[in-house]
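Asker: Take this structure, written in structure tokens, and hold onto it; I'll ask about it next.
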Amino acid sequence: MPAIDNIHFAVVVTRCFLVVAASKNGLGEAPNTTLFILSTHSSSSFSPLGGPVSHRNLTASLSLSARDICRKAFLMSAMNAISCSLNLIRTLSRSGFRFGPVSRQSLRDGQPSSWDEPSNTTQFCCHLIFSEYCMVRNTDGHWERIMLTLTLLGLSIGLVANAFPTQQSGNGKNWVVIVAGSNGWHNYRHQADACHAYQIVHKNGIPDKQIVVMMYDDLATNKQNPTPGVVINRPSGTNVYKGVPKDYTGNAVTPDNFLAVLKGDSASTQLGSGKVLKSSHFVQRRLYFSLPVDSGPNDHVFVYISARGAPGLLAFPNDELYAADLMDVIEYMHKNKKYKKLVFYIDACDSGSMMTKLPDDINVYATTATNSYACYYDEKRNTYLGDWYSVNWMENSDVEDLSKETLMRQFKVVRSKTRHVMQFGNKTLANMKVKAFQGNAKARPAPPMTLQPVVEPGLIPSPDVPMAILNRTATAKGHVYQLRSHLKGIEQLKQNMQKVVQCVTGVNRENPKILNVKMDKMQHQCYKDAVSHYKKHCFRWFSPEREYYLRDLYMLFNLCVSRYGRESILMTIEKVCLVEETGCGVCGQ
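First residue of the sequence shown? That's 306 in my numbering, and the numbers climb one at a time after it.
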């Protein structure tokens, strides 16, 4: 084993040794004491953790390299672990610590009667194994009592033997990230999809500590909900809301938080629980201490997103997730060994454009619903209960044995019922069993459910959902004026976008969608800025017609892909929308 791995392991063993001592024996205010730890910026040097040795700063330092330790320690023998610990102890001794065996009587007296510092490693091993206690002191002569038996030796051996999680030990763990990218009663279906997905992975053995859920959480107690506390995903369905973790809700449902979750970067999360692919759970060890769990190179990660979309982006409640940003994070996860295999299911309009740059050699597989359809309109709730792509894969997972069903078989089932379903990335992963991502391979299989078929799913394109709901409710309640106002707002948005295209290109015609295009960085930035500018200047964000703006964003996508100047596009957006407000000429003329 490389020397640096030995040092890594020894650092953690010694840290744990001192943490136990601090918590058990009152170590905390020894003056001028410095603990040397492995620097996070250099793999070959030590950096000091200054200040008094306390339980708090020792615990903080412990977490710095725990992931590597858990992975590397599994390969080490007990004797090698002890040897590594001794190497670090000698280093600490040179830095001001002194170690030696003492008698029980000396401890009762409060000061050691003798100090027999080991002269060599063999002598220290004898002391280490046969002495009841060991004393440690700093250069100022301050003595602190540390129990050695079952501490340093126990940690060295026990960490190797008992340091690994029970869930899929040796084969990695399963992590699941579930996202509903919308809010509002008319978007009920996205959160219902997310809750249903949670129920599937939960009942198939994935513990909540390895499931991250992002949803706005404005359905269960919504005043429009005729059954408070209940959310369903199919007609006469069961309550899928019960027990769902509330990791990121409300304004915490953001693209930045989602990307931080995937990276395992809890420090970058804003609001929410802070749970990321670096669980807040601590795996308990036999010997008084614990180490943080992190996703790693043996883990399977399943990411499911139900949202609204447009070319190159997925809409979150108040912002957008762009394809280029998602690809950057996937590459980061691959480079930093955050997974062994990673699977995405994305249900949103134009979601295929999120994965056009996905490589096929990094063990990532994705399926998408290029055209998203809402389904299961509920007369009692006056909203759609599900999305057709999502409902099809989840109901397949409900009724099939996931230890036998493959991802490819599930893809084919969904494709047979849903238009334009696509695959990206490493398609050989599709031959794996569904349970490898939606369940725990060692858990008892969840019994398949029996679902009554729904004769008429009532499919409707997702962009038309707000209008369809308003058309039903406004007509029934006589709110015709509200319906007309909404139609007028939608028409104005469409005209604005057409004017932008006409002014930039000089061509008065509607261009077809350009989807299967790999944007470069400059085009990507152009598109992000254009979308942001359009939202800012061309409509009121909280107006009902805001749901419609996604439908025409492909025109801005086309302009950036066709390499029209970014500044020209932004200036034109301002001019066109200023025309709407002031009644001045078209294109600022």
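Cβ coordinates follow ideal geometry from the N, Cα and C atoms, glycine included.
The beta strand (DSSP E) that contains residue 613, what's its start and end?
Answerer: Residue 613 sits at position 308 when you count from the first residue of the sequence shown. From DSSP, the beta strand (DSSP E) with residue 613 extends over 613-615.
Asker: For a quick check, are the C-beta atoms of residue 874 and residue 831 less than 8 Å apart?
Answerer: Counting from 1 along the sequence shown, the entry for residue 874 is found at position 569. Counting from 1 along the sequence shown, the entry for residue 831 is found at position 526. Yes, the Cβ-Cβ distance between residue 874 and residue 831 is below 8 Å.
Asker: How is residue 340 classed by DSSP in three states: helix, strand or coil?
Answerer: Sequence index remark: in the sequence shown, residue 340 carries index 35 (1-based). Bear in mind that a pLDDT of 33 at residue 340, under 50, signals an unreliable position, so the model cannot answer this.
Asker: In this structure, what does DSSP give as the bridge partners for residue 486?
Answerer: On the sequence shown, residue 486 is found 181 positions in, with the first residue counted as 1. Partner(s): none; residue 486 has no beta bridge.
Asker: Less than 8 Å between the CB atoms is what I'm expecting for residue 707 and residue 740, so what's the real figure, rounded?
Answerer: Start at 1 with the first residue of the sequence shown, and residue 707 comes out as number 402. Start at 1 with the first residue of the sequence shown, and residue 740 comes out as number 435. Indeed they touch by this definition, with Cβ atoms about 4 Å apart.
Asker: Jot down the residue ranges of each uninterrupted alpha helix (DSSP H) in the region 705-780, minimum 4 residues, whole runs only, in chain order.
Answerer: Listed in chain order, the complete alpha helix (DSSP H) runs (minimum 4 residues) inside the region 705-780 are 712-722 and 740-743.
Asker: With DSSP collapsed to three states, give me the class of residue 808.
Answerer: As a first step, residue 808 is located in the sequence shown; it is residue number 503 there, counting from the start. Helix.
Asker: Please confirm whether residue 751 and residue 509 have their CB atoms less than 8 Å apart.
Answerer: Here residue 751 corresponds to residue number 446 of the sequence shown, with the count starting at 1. Here residue 509 corresponds to residue number 204 of the sequence shown, with the count starting at 1. Yes, these two residues count as a Cβ contact at 8 Å.
Asker: Within the continuous alpha helix (DSSP H) that includes residue 866, where are the two ends?
Answerer: Taking the sequence shown and counting its residues from 1, one reaches residue 866 at position 561. 858-866 is the span of the alpha helix (DSSP H), which, as asked, contains residue 866.
Asker: Where does the unbroken alpha helix (DSSP H) through residue 635 begin, and where does it stop?
Answerer: For the purposes of this step, residue 635 is identified with residue 330 of the sequence shown, where counting begins at 1. Per DSSP, residue 635 belongs to the alpha helix (DSSP H) from 628-640.
Asker: Taking the alpha-carbon of residue 793 as reference, which of 772, 704 and 811 has the nearest alpha-carbon?
Answerer: The residue you call residue 793 lines up with position 488 of the sequence shown. Cα-wise, what sits closest to residue 793 is 772.
Asker: Is the beta carbon of residue 494 closer than 8 Å to that of residue 692?
Answerer: The sequence position of residue 692 within the sequence shown is 387, counting from 1. The sequence position of residue 494 within the sequence shown is 189, counting from 1. Their beta carbons are under 8 Å apart, which means residue 692 touches residue 494 by this criterion.
Asker: Taking three-plus beta-carbon pairs below 8 Å as touching, is the region 511-526 in contact with the region 669-679?
Answerer: Segments in contact, no.
Asker: Closest by CA to residue 688, which one among 883, 858 and 497?
Answerer: By 1-based counting over the sequence shown, the position of residue 688 is 383. Among 883, 858 and 497, the Cα nearest to that of residue 688 belongs to 497.
Asker: For a quick check, are the C-beta atoms of residue 539 and residue 690 less than 8 Å apart?
Answerer: Within the sequence shown, the letter at position 234 stands for residue 539. Within the sequence shown, the letter at position 385 stands for residue 690. It is a contact, given that the beta carbons lie within the stated cut-off.
Asker: Assuming contact is defined by CB atoms lying nearer than 8 Å, are residue 578 and residue 561 in contact in what I supplied?
Answerer: As a first step, residue 578 is located in the sequence shown; it is residue number 273 there, counting from the start. As a first step, residue 561 is located in the sequence shown; it is residue number 256 there, counting from the start. No, the Cβ-Cβ distance between residue 578 and residue 561 is not below 8 Å.
Asker: Name the residue from 800, 529, 867 and 807 whose alpha carbon lies nearest to the alpha carbon of residue 825.
Answerer: Stepping through the sequence shown from its first residue, residue 825 is reached at position 520. Answer by Cα proximity: 867.
Asker: Name the two residues that bound the continuous beta strand (DSSP E) containing residue 517.
Answerer: Taking the sequence shown and counting its residues from 1, one reaches residue 517 at position 212. Here the beta strand (DSSP E) through residue 517 covers 516-519.
Asker: Enumerate in chain order the residues of its own chain whose CB-to-CB distance from residue 676 is below 6 Å, with the five nearest sequence positions on each side excluded.
Answerer: By one-based count along the sequence shown, residue 676 stands at place 371. Excluding residues within five positions, the ones whose Cβ falls inside 6 Å are 724 and 725.
Asker: As an exercise, report each continuous alpha helix (DSSP H) stretch of at least 4 residues that is fully enclosed by the region 521-570, in chain order.
Answerer: Whole alpha helix (DSSP H) segments, 4+ residues: 560-568.
Asker: How many angstroms separate the CA atom of residue 478 from the CA atom of residue 745?
Answerer: On the sequence shown, position 173 is the one that residue 478 refers to. On the sequence shown, position 440 is the one that residue 745 refers to. Distance between the alpha carbons of residue 478 and residue 745: 8 Å.
Asker: Compare the beta carbon distance of residue 582 and residue 643 with 8 Å and say whether it is the shorter of the two.
Answerer: If you number the sequence shown from 1, residue 582 lands on position 277. If you number the sequence shown from 1, residue 643 lands on position 338. Result yes, Cβ atoms of residue 582 and residue 643 sit closer than 8 Å.
Asker: When the Cβ atoms of the region 625-635 are set against those of the region 648-662, are three or more pairs found closer than 8 Å?
Answerer: The region 625-635, when compared against the region 648-662, does touch it at the 8 Å Cβ threshold.
Asker: Closest to residue 837 by CA distance: which of 666, 571 and 876 is it?
Answerer: Mapped onto the sequence shown, residue 837 falls at position 532. Considering only alpha carbons, the answer is 876.
Asker: For a test of the three-state rule: what should DSSP assign to residue 653, helix, strand or coil?
Answerer: Residue mapping note: residue 653 aligns to position 348 of the sequence shown, counting from 1. In the structure shown, residue 653 sits in coil (DSSP, three-state: anything other than H, G, I, E or B).
Asker: Can you give the Cα-Cα distance for residue 795 and residue 521, rounded to whole angstroms?
Answerer: Position 490 of the sequence shown, counted from the start, is the residue given in the question as residue 795. Position 216 of the sequence shown, counted from the start, is the residue given in the question as residue 521. Approximately 25 Å between the Cα atoms of the pair.
Asker: Can you grab the Cα-Cα spacing for the pair residue 882 / residue 860, in whole Å?
Answerer: Residue 882 sits at position 577 when you count from the first residue of the sequence shown. Residue 860 sits at position 555 when you count from the first residue of the sequence shown. Rounded to the nearest angstrom, the two C-alpha atoms are 16 Å apart.
Asker: Relative to the C-alpha of residue 488, which residue among 718, 622 and 556 is closest?
Answerer: Here residue 488 refers to the residue found at position 183 of the sequence shown. Looking at the Cα atoms, 622 is the closest of the given residues.
Asker: Cα separation between residue 639 and residue 550?
Answerer: To locate residue 639, count along the sequence shown from 1; it is residue 334. To locate residue 550, count along the sequence shown from 1; it is residue 245. If I take the Cα positions, the gap works out to 27 Å.
Asker: With a 10 Å radius around its C-beta and 16 neighbouring C-beta atoms as the bar for buried, classify residue 700 as buried or exposed.
Answerer: Position 395 of the sequence shown, counted from the first residue, corresponds to residue 700. Buried, by the Cβ-count rule.
Asker: Distance, Cα to Cα, residue 790 vs residue 506?
Answerer: Numbered from its first residue, the sequence shown carries residue 790 at position 485. Numbered from its first residue, the sequence shown carries residue 506 at position 201. For residue 790 and residue 506, the distance between alpha carbons rounds to 43 Å.
Asker: Using a Cβ-Cβ cut-off of 7 Å (strictly less than) and excluding sequence neighbours within five positions of residue 685, which residues of its own chain qualify?
Answerer: As a first step, residue 685 must be located in the sequence shown, where it is residue number 380. Within the same chain, residue 685 has close Cβ partners 531.
Asker: Can you check which of these residues, 844, 608, 785 and 756, is closest to residue 801 by C-alpha distance?
Answerer: Within the sequence shown, the letter at position 496 stands for residue 801. Of the candidates 844, 608, 785 and 756, the one whose C-alpha sits nearest the C-alpha of residue 801 is 844.
Asker: In the DSSP assignment, the alpha helix (DSSP H) including residue 834 goes from what residue to what residue?
Answerer: Working through the sequence shown from its first residue, we reach residue 834 at position 529. 826-843 is the span of the alpha helix (DSSP H), which, as asked, contains residue 834.
Asker: What does the Cβ neighbour count give for residue 419, buried or exposed, with the cut at 16 atoms within 10 Å?
Answerer: Taking the sequence shown and counting its residues from 1, one reaches residue 419 at position 114. Bear in mind that the predicted position of residue 419 carries a pLDDT of just 46, short of 50, making it unreliable; the figure below should be weighed with that in mind. Residue 419 comes out exposed.
Asker: In whole angstroms, give me the CA-to-CA distance for residue 648 and residue 537.
Answerer: One-based indexing of the sequence shown puts residue 648 at position 343. One-based indexing of the sequence shown puts residue 537 at position 232. Computed Cα separation, rounded: 25 Å.
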